[in-house]
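Student: Residue numbers (UniProt numbering): 1 to 277. Where is the CB? At the ideal position from N, CA and C, for every residue including glycine.
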């Protein structure tokens with residue numbers, strides 16, 4: 001009888017229980033969905049606002065992701081508070097466990113700190129071609145914890161910010177001008193003055209080769225099987241690879257037309273006859 005009476009009491013309290021906690025659960029779900037939506041809105045508004053003020057794309061990406069994370073964390077706290085979790089106690093627990101969490105997430109914290117340093121000191125920006133952390137590519141995005149690179153063959157590489165900041169960064173796009181370094185070898189029978197003139201004519205007639213700084217052509221080495229000239233023109237950074245490819249083709253054709261031999265590795269074999277005894 002006592003069990004039946006207890007069951008009847010539970011059945012009587014069920015509607016009230018469902019009404020109270022069901023509404024709380026429903027409200028928590030609504031808060032989470034709305035908060036997640038507004039985290040995306042905060043990211044878009046931040047991006048639009050900073051872009052309209054012509055802020056560097058690197059800073060825009062970093063701050064927008066940070067705004068998204070702040071709103072999302074606030075949403076999580078509000079959701080937990082709605083279902084009855086004491087947020088004040090939660091904050092106290094998080095503070096007490098801060099040291100343990102910091103040790104467990106030291107890699108992520110290091111990436112976050114490195115991301116802040118990258119935004120402040122700007123060793124590279126979105127759109128720069130860099131070589132860092134053992135990889136090379138164009139910087140597509142700098143987020144809170146990682147940097148997204150796009151390689152020349154259109155692969156995506158995600159590199160941790162700490163790996164980039166703690167190593168050497170080679171930024172090929174930082175300056176407006178770059179020098180092309182070519183080594184051209186010709187035969188020992190070639191006329192030095194004539195060869196230099198052929199090379200100079202090619203550079204003078206190429207509209208993408210800059211006049212300032214002036215190019216350099218010089219005899220660099222008397223090698224084993226060739227006389228090596230250095231050819232060092234200056235070009236705009238964006239023209240580096242097209243001009244390099246074009247110059248190599250033009251130099252080969254011009255040297256052939258001038259009958260100046262470009263040697264290649266070869267071996268002379270001398271056969272000595274030994275008279276029979």
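(1) Within this structure, are the beta carbons of residue 160 and residue 145 separated by less than 8 Å?
(2) Curious, which full-length beta strand (DSSP E) runs of at least 3 residues does the segment 143 to 213 contain?
(3) Taking 6 Å as the limit between beta carbons, can you name the residues of its chain near residue 121, skipping five residues before and five after?
(4) Closest to residue 165 by C-alpha separation, out of 111, 210, 236, would be which residue?
(5) Please return the same chain residues whose Cβ sits closer than 8 Å to the Cβ of residue 168, not counting the five positions on each side in sequence.
(6) Name, in chain order, the residues that DSSP records as bridge partners for residue 131.
(7) Assuming the contact rule is C-beta atoms closer than 8 Å, residue 51 and residue 63 should be a hit. Round their C-beta distance to whole Å, please.
(8) Say whether the segment 23 to 30 touches the segment 68 to 84, bearing in mind that this needs 3 or more beta-carbon pairs closer than 8 Å, one atom from each stretch.
(9) Per DSSP, what are the beta-bridge partners of residue 218 in this structure?
(10) In three-state terms, what does DSSP make of residue 246?
(11) Can you tell which of 170, 141, 119 has the C-alpha that lies nearest to the C-alpha of residue 135?
Tutor: Looking at the atomic coordinates:
(1) yes
(2) If we require 3 residues or more, the beta strand (DSSP E) runs fully inside the segment 143 to 213 come out as 146 to 150, 156 to 160, 177 to 179, 182 to 186.
(3) none
(4) 111
(5) 132
(6) According to DSSP, residue 131 bridges with 136, 170.
(7) Residue 51 to residue 63, Cβ: 11 Å. No contact.
(8) yes
(9) 230
(10) helix
(11) 170
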